[in-house]
Amino acid sequence: VSAGGLPLPKAYPSVDRTPTRSEVIAYATAVGECAPVHLDLAAAQAAGFPDVVAPALFVSVLLHEPLMDVVRDPVLGIDLDRTVVGEQTFDWHAPICAGERTRTQATVLVVEPRGRHRAVEVRTTTHVGAELRAAGLWVGVERGSGT
Amino acid sequence: MTSAGARTATVTPDAGVTDRYAAASGDRNPIHIDDDAARAAGLPGRIVHGYWTMAQVVRVALENAGGDPRRLRRLEIRLRGVVMPGLPLTLTVSDDGHRGRVAVSRIDVEQEGRSVISGARVDINAEEAP
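If you read the protein sequences in the order shown, they are chains L and D. My numbering puts the first residue of the first sequence at 1, with every later residue one more than the last. My numbering puts the first residue of the second sequence at 148, with every later residue one more than the last.
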């Protein structure tokens with residue numbers, strides 16, 4: 001698929017990030033998680049995890065920098081101030097725990113007008129080592145850029 | 148309309164939730180943390196992060212299914228409207244059948260009678276992970 005002559009799909013460099021225990025606990029607290037596996041090391045270990053378990057949507061935090069690289073790519077010409085997440089799909093294969101080194105990679109699939117707006121579809125993968133932990137499809141909507 | 152198996156949960160994003168979520172997630176888009184910037188963007192005031200709302204959808208669906216994070220498989224969601232801090236959200240979880248070992252839930256979310264998410268889908272493995 002190409003939009004305005006853009007060569008798509010376009011893959012971006014991966015971004016490594018190792019969430020700390022305090023980052024996971026802060027995220028869990030911010031989204032109202034009460035389950036001890038997200039908040040307490042001993043509870044997480046008793047349940048068989050190496051450290052506190054990141055809530056499922058923590059994967060969106062790991063996407064933040066890779067998606068910013070896409071949105072700021074001058075070739076695509078996306079206006080960050082007018083772009084919001086419109087749709088999201090995630091497939092989770094296993095939880096991510098504090099201390100695990102993650103690698104997240106984004107690939108732009110589609111940039112096209114949809115009604116009054118412009119849609120940007122980005123496929124993402126988050127690995128720990130060779131293991132795929134989560135895959136996503138982010139659909140950003142740039143408001144007021146359609147035909 | 149809710150089916151016989153539907154359950155509802157109420158979650159209220161308090162006035163400080165967008166500041167806490169911005170700090171915890173790194174998403175400091177001004178429309179979430181600055182009322183003036185949000186109004187300049189045509190919004191009534193600061194709005195709740197979409198991923199905070201998605202986290203509520205997954206949390207409620209997973210709690211409804213026993214809570215083991217290893218069993219979560221999939222989320223499909225479209226954001227229809229903005230969520231404002233300070234007003235309760237009503238989440239309705241309905242059983243939408245099975246696809247093999249996976250139990251499918253449908254989640255609808257309203258705020259003050261206004262639909263903000265319609266027909267989100269959460270897939271959760273029906274069996275405990277080994």
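Glycine included, each C-beta is placed from N, C-alpha and C at the ideal position.
Chain-order list of chain L residues neighbouring Ile180 (chain D): empty, with the shortest C-beta distance near 13 Å, by a criterion of under 8 Å.
Of the residues assessed, Val75 (chain L) falls on the exposed side of the cut-off, its CB having fewer than 16 other CB atoms within 10 angstroms. For Pro13 (chain L), there is no enclosing alpha helix (DSSP H), since its DSSP letter is neither H nor E. Under the Cβ criterion (8 Å, minimum of three pairs), the stretch 76–95 of chain L does not count as touching the stretch 16–34 of chain L. Counting along the chain, Asn211 (chain D) sits inside the alpha helix (DSSP H) bounded by residues Gly197 to Asn211. Secondary structure of Val31 (chain L) (DSSP, three-state): coil. Rounded to whole angstroms, the Cβ separation of Val249 (chain D) and Asp270 (chain D) is 5 Å, and the two are in contact under 8 Å. Chain order gives the chain D residues near Ala35 (chain L) as Gly214, where near means a beta carbon separation below 7 Å. Boundaries of the alpha helix (DSSP H) harbouring Pro36 (chain L): Pro36 to Leu39, taken from the DSSP string.
The way I'd put it, the stretch 196–206 of chain D does touch the stretch 216–226 of chain D; three or more beta-carbon pairs between them come closer than 8 Å. The Cβ neighbour count for Leu209 (chain D), taken over all protein chains shown within 10 Å, is at least 16; the residue is labelled buried. If you look at His179 (chain D), you'll find it in the alpha helix (DSSP H) that goes Pro177 to Ile180. Restricting attention to L:Ala11, L:Ala42 and L:Lys10, the CA atom closest to the CA of Arg21 (chain L) is found in L:Ala42.
Each of D:His179, D:Arg253 and D:Gly189 was checked against the Cα of Arg154 (chain D), and the nearest Cα belongs to D:Arg253.
Shown here for Leu132 (chain L): same chain residues with a beta carbon closer than 8 Å to its own, the five before and five after excluded, namely His93, Thr125 and Thr126 in chain order. If you look at Ser172 (chain D), you'll find it in the alpha helix (DSSP H) that goes Val164 to Ser172. A straight line joining the alpha-carbon of Leu238 (chain D) with that of Leu80 (chain L) spans about 30 Å. Between Pro160 (chain D) and Pro232 (chain D), the CB-CB gap stays under 8 Å.
In this structure, Val24 (chain L) sits near Ala54 (chain L), with a CB-CB distance shorter than 8 Å. In the three-state scheme derived from DSSP, where H, G and I count as helix and E and B as strand, Val111 (chain L) is classed as strand. Residues of the stretch 219–246 of chain D whose Cβ lies closer than 7 Å to any Cβ of chain L, in chain order: Leu219, Arg220, Arg221, Leu222, Glu223, Ile224, Arg225 and Leu226.
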